[in-house]
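Below is one structure; the comments refer to it alone.
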Amino acid sequence: MSKASSTVPSETPKDGDRANLSRTFKYLLGTQFLSRGIPFIFNSWIVRHLTQEDYAVYAVQFHLFVTCVLFLSREGFRRACMRADIKLCEGASAKDNAALLKVAWMSFPLGVVITIAGCVFVFWWQGLQHSDPYAQAILINGFACILELLAEPLYILSQTLFLLKLRLVVETLATFSRCVTMYILILNLTNMEKGIVFALSQAAYGACIFLGYWSYFLLFRAYRSSDLIPFRLGHMMNFDKQLSNMCMLFTLQSFRKLILQEGEKIVLVWLDTPYNQAVYGLVDKLGSLVVRLVFLPFEESSYSTFARSASGQSPNKSKNLGRRLTEALKLVLLIGLVFLAFGPSYSYCLIRLLYGQKWSDGEASTALRYYCLYIIVLAMNGTSEAFLHAVATENQLKRSNNSLLVFSLIYVALNVLLIRSVGAIGLILANSLNMILRIIYSAIFIKHFFQESSSFSFCSCLPSGWTILLLSGVATLISEKVFLDRENFWSSFFIHFCIGFAFFCTSAFVIYRRERPFINKIIRFRDHSD
150 MSKASSTVPS
160 ETPKDGDRAN
170 LSRTFKYLLG
180 TQFLSRGIPF
190 IFNSWIVRHL
200 TQEDYAVYAV
210 QFHLFVTCVL
220 FLSREGFRRA
230 CMRADIKLCE
240 GASAKDNAAL
250 LKVAWMSFPL
260 GVVITIAGCV
270 FVFWWQGLQH
280 SDPYAQAILI
290 NGFACILELL
300 AEPLYILSQT
310 LFLLKLRLVV
320 ETLATFSRCV
330 TMYILILNLT
340 NMEKGIVFAL
350 SQAAYGACIF
360 LGYWSYFLLF
370 RAYRSSDLIP
380 FRLGHMMNFD
390 KQLSNMCMLF
400 TLQSFRKLIL
410 QEGEKIVLVW
420 LDTPYNQAVY
430 GLVDKLGSLV
440 VRLVFLPFEE
450 SSYSTFARSA
460 SGQSPNKSKN
470 LGRRLTEALK
480 LVLLIGLVFL
490 AFGPSYSYCL
500 IRLLYGQKWS
510 DGEASTALRY
520 YCLYIIVLAM
530 NGTSEAFLHA
540 VATENQLKRS
550 NNSLLVFSLI
560 YVALNVLLIR
570 SVGAIGLILA
580 NSLNMILRII
590 YSAIFIKHFF
600 QESSSFSFCS
610 CLPSGWTILL
620 LSGVATLISE
630 KVFLDRENFW
640 SSFFIHFCIG
650 FAFFCTSAFV
660 IYRRERPFIN
670 KIIRFRDHSD
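Numbering of the sequence shown is given in our numbering, commencing with residue 150 and proceeding in unit increments.
Structural data, given as structure tokens:
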């Protein structure tokens with residue numbers, strides 16, 4: 150029986166895992182919707198109030214710095230601790246909590262070292278002095294990362310205890326604080342350097358994360374500070390060696406994953422102009438919204454469910470894993486095909502509506518069309534790699550790390566070659582090719598994993614009615630060419646929109662008729678109790 154289902158005696162393992170997937174996905178979806186939706190609305194305002202150079206700093210350069218520091222510092226610990234065979238629940242003993250926290254706290258000194266190294270590297274690379282506004286902004290961003298890392302052990306503890314509502318509340322408040330801080334500073338302190346404004350807003354986010362988690366555990370969970378920092382003189386080295394080794398393994402993997410995840414921004418900052426940085430930042434924030442709102446929480450919840458299912462001793466473990474993987478891949482494929490069908494023909498209209506003609510008539514709308522193609526391979530890769538990382542043995546994970554190194558080298562080379570020929574669009578193409586290589590590797594692993602079982606087939610993952618979506622995509626592209634007039638936008642947009650809406654409704658009806666049991670199962674997720 151899985152960890153989660155053991156806390157609900159009345160549920161079978163199958164129902165417990167499904168309820169856990171539903172509950173985890175629901176809260177992660179809510180977290181992503183609020184923490185990404187709020188900045189999306191705010192971004193529509195800020196784009197109109199910044200120069201292209203300032204927006205490149207905000208959307209690409211500072212985002213890259215913070216992401217690199219935090220991802221390298223904590224991603225490995227998050228992955229490993231979710232796989233930990235430490236039986237935590239609402240009534241977990243102090244010994245169980247301490248076993249997890251001792252390892253989780255190792256992320257903090259590692260994060261401090263990486264933060265300092267990151268700041269030193271930026272100072273050296275840009276030739277900065279401490280008096281430069283950009284240098285001061287980097288230091289403030291580094292301080293913001295330290296604040297988040299001070300809360301990381303409590304975040305890991307809360308996730309292991311399935312305190313999902315806590316993450317929802319804390320990240321929403323932190324995101325709102327960041328947006329409000331930036332809004333107030335841009336409007337009221339117009340002479341302040343924009344880099345300082347962006348960095349202070351990030352510091353406000355980090356402070357809310359720190360205060361939120363520590364306040365909850367100290368004030369509302371009756372924990373003492375000694376419980377949350379469980380190190381004692383004479384027992385400093387008494388920790389779970391196997392879990393710490395797994396953390397180091399995942400941390401080493403995170404270096405390679407970072408290149409694959411953020412490599413295009415690294416190359417963009419290194420080789421391209423602020424304009425192309427701004428275009429890519431705009432398209433990435435808009436195009437990846439569905440990835441962050443739907444695919445990312447689904448990937449995290451799927452990983453948790455796969456890991457719990459794989460750690461159990463059920464005789465039907467292979468069958469259950471195959472069924473859950475099939476359903477997960479079918480869902481992300483269905484969502485990805487919808488964006489593949491309708492995204493390219495409405496990219497120009499969306500950017501025109503949100504950000505104005507200055508952006509829509511440039512390279513941004515073309516880049517967004519390609520991003521819609523990228524979404525479907527991104528979705529497939531996220532779920533397939535979640536399965537691989539959840540069920541793979543330590544040796545298999547090491548081989549996966551080696552493959553990621555090869556993919557990283559290919560990916561960086563593609564970025565350098567394509568950015569010089571087609572700019573921001575080249576980065577999206579390089580990302581797509583990289584994801585396809587990773588999907589192929591994961592698919593080979595999955596095929597080998599189920600080679601002695603008939604519980605999984607790749608053909609069963611393809612949703613019925615996918616052809617009607619592709620036909621709708623062709624029809625809406627023709628509609629854009631025939632009816633949409635950029636000079637007479639509003640009246641022609643209404644005709645184009647009505648045609649797309651009609652094809653969307655037709656596709657939805659056909660797919661629902663053919664996939665009714667599967668769609669009803671997704672809808673019934675909400676009927677499971679928390």
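Think of the CB as a built atom: it goes at the ideal place given N, C-alpha and C, for glycine as much as any other residue.
A buried status is given to Gly267, since no fewer than 16 other beta-carbon atoms sit within 10 Å of its beta-carbon. Secondary structure note for Glu297: its alpha helix (DSSP H) is the uninterrupted segment 282-309. When DSSP states are grouped into helix, strand and coil, Met341 belongs to the coil group. For Asn583, the enclosing alpha helix (DSSP H) starts and ends at 573-598. Nearest Cα to Cys328 within the set Ser184, Cys654, Ala541: Ser184. In this structure the region 355-372 lies against the region 312-332, because at least three pairs of beta carbons, one per stretch, are closer than 8 Å. DSSP, read as helix, strand or coil, puts Arg441 in helix.
Ranked by Cα distance from Thr264, the first of Leu522, Gln278, Val215, Asp281 is Val215.
In the structure shown, His279 falls within a coil segment according to DSSP collapsed to helix, strand and coil. Between Phe226 and Ile305 the beta-carbon gap is near 6 Å, inside 8 Å, which marks them as a contact.
Between Ser256 and Glu301, the C-beta gap is smaller than 8 Å, which places the two residues in contact. Per DSSP, Ile378 lies in no alpha helix (DSSP H) segment and is marked neither H nor E. The DSSP-derived three-state label of Gly531 is helix.
In the three-state DSSP reduction, Asn465 falls in the coil class, being neither helix nor strand. Bounds of any alpha helix (DSSP H) do not take in Met255, whose DSSP letter is neither H nor E. Pairwise C-beta distances place the region 605-625 out of contact with the region 551-562, as fewer than three of them are shorter than 8 Å.
Annotation note: the region 445-511 contains the following uninterrupted alpha helix (DSSP H) runs of length 4 or greater, listed N- to C-terminal: 445-460, 466-504, 506-509. Pairing Val481 with Ile627, the inter-Cα distance amounts to about 26 Å. Pairing Val631 with Ile500, the inter-Cα distance amounts to about 19 Å.
DSSP places Leu199 outside both helix and strand once states are collapsed to three, so it counts as coil. Just measuring C-alpha positions, the residue of Gly511, Ser458, His538 sitting nearest Ala573 is Gly511. Apart from the 5 residues on each side of it in sequence, Tyr520 sits with its Cβ closer than 7 Å to the Cβ of Val432, Gly436, Ile577 in its chain, given in chain order. For Ser393, the uninterrupted alpha helix (DSSP H) segment begins and ends at 390-420. The alpha-carbon of Ile408 is positioned some 18 Å away from that of Trp274. When rounded, the separation of the alpha-carbon atoms in Cys396 and Val418 is 30 Å. A residue is called buried when at least 16 other Cβ atoms come within 10 angstroms of its Cβ; Arg228 meets this threshold and is buried. Shown here, Ala348 sits in a helix according to DSSP, grouped into three states.
Taking a C-beta distance under 8 Å as the contact criterion, Phe491 and Gly361 do not qualify as a contact pair.
The shortest C-alpha to C-alpha distance from Val555 to any of Ile593, Ile568, Asn583, Ser364 is the one to Asn583. With a cutoff of 8 Å on beta-carbon distance, Ser533 and Ile588 are scored as near each other. Less than 8 Å separates the beta-carbon of Thr180 from that of Leu317.
Rounded to the nearest angstrom, the Cβ distance from Pro612 to Leu483 is 4 Å, consistent with a contact under 8 Å. When the Cα atoms are used, Asp421 and Ala427 turn out to be separated by approximately 10 Å. About 11 Å separates the beta carbon of Leu489 from that of Leu527, a gap too long to meet the 8 Å contact definition. Distance check between Gln201 and each of Ala513, Ala286, Trp363 places Ala513 closest, using alpha-carbon atoms only.
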